[in-house]
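J.: This is the structure I want to talk about, given as structure tokens.
Numbering (the numbering used here), first residue to last: 326 to 505.
In structure tokens form, the structure reads like this:
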């Protein structure tokens, strides 16, 4: 009989622990994937063909540490104005939790952006970019990976700037939401 109570007690504790009412970024993405006002795109890293790129070892390691990129955007128009304010606040609340560390904040000419991460400083598991623009809307980008290292990510970004990485797959997304 003691064992039955122990098992029931353990099951109750596990059930209670799994019922976390705190909003998460993953749940936010899932909840808004089917919303017709949002543009949602999941891009696996396999979309970037490493064989056609001239990358050094560090750049290849950085690219291979990225598993997937989730993209969610709410273009701003007359119908989405109220939703823009509500959704911006909801995302900001999630990102202001203790789970995420801020790397950078930027604001200029009606645009605001924040770059956050989750994980250790030298072993990042998730990078988040949240940007809003008072005329264009909001965009939320989530880069998921394993053992992403900041210094290698910087080198990878430099490779993008130098044109060593073809981002053609992402150009259609940008054109869809008219990012200029």
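We put the CB at the ideal spot given by N, CA and C, even for glycine.
Taking the C-alpha atoms as reference points, what is the distance between residue 427 and residue 393?
T.: About 21 Å.
J.: Should the stretch 352-361 be regarded as contacting the stretch 444-458, the criterion being three or more beta carbon pairs within less than 8 Å?
T.: Contact between the stretch 352-361 and the stretch 444-458 is absent, because fewer than three Cβ pairs lie under 8 Å.
J.: Can you tell me the Cα-Cα spacing of residue 412 and residue 398, whole angstroms?
T.: Spanning the two alpha carbons is a distance of roughly 10 Å.
J.: What's the call for residue 424, buried or exposed, on a 16-neighbour Cβ count within 10 Å?
T.: Residue 424 should be labelled exposed.
J.: Can you give the Cα-Cα distance for residue 409 and residue 386, rounded to whole angstroms?
T.: If I take the Cα positions, the gap works out to 37 Å.
J.: Between the alpha carbons of residue 464 and residue 456, how many angstroms are there, rounded?
T.: Those two C-alpha atoms are separated by around 5 Å.
J.: What are the start and end residues of the alpha helix (DSSP H) that includes residue 379?
T.: It is not in any alpha helix (DSSP H) - residue 379 carries neither H nor E in the DSSP assignment.
J.: Residue 473 and residue 452 - do their beta-carbons sit closer together than 8 Å?
T.: Cβ atoms of residue 452 and residue 473: closer than 8 Å.
J.: Quick check on this structure: which residue in 400, 433, 390 and 379 has the alpha carbon closest to the alpha carbon of residue 360?
T.: Minimum Cα distance to residue 360 is reached at 400.
J.: Does the Cβ-Cβ distance between residue 379 and residue 480 come in under 8 Å?
T.: No. Outside cutoff.
J.: Buried or exposed: which applies to residue 478, given that a residue is buried once 16 or more other Cβ atoms fall within 10 Å of its Cβ?
T.: Buried is the call here.
J.: Let me know if residue 418 comes out buried or exposed under the rule of 16 or more other beta-carbons within 10 Å of its beta-carbon.
T.: With fewer than 16 other Cβ atoms within 10 Å, it is exposed.
J.: Using a Cβ-Cβ cut-off of 8 Å (strictly less than) and excluding sequence neighbours within five positions of residue 487, which residues of its own chain qualify?
T.: Here the set comprises nothing.
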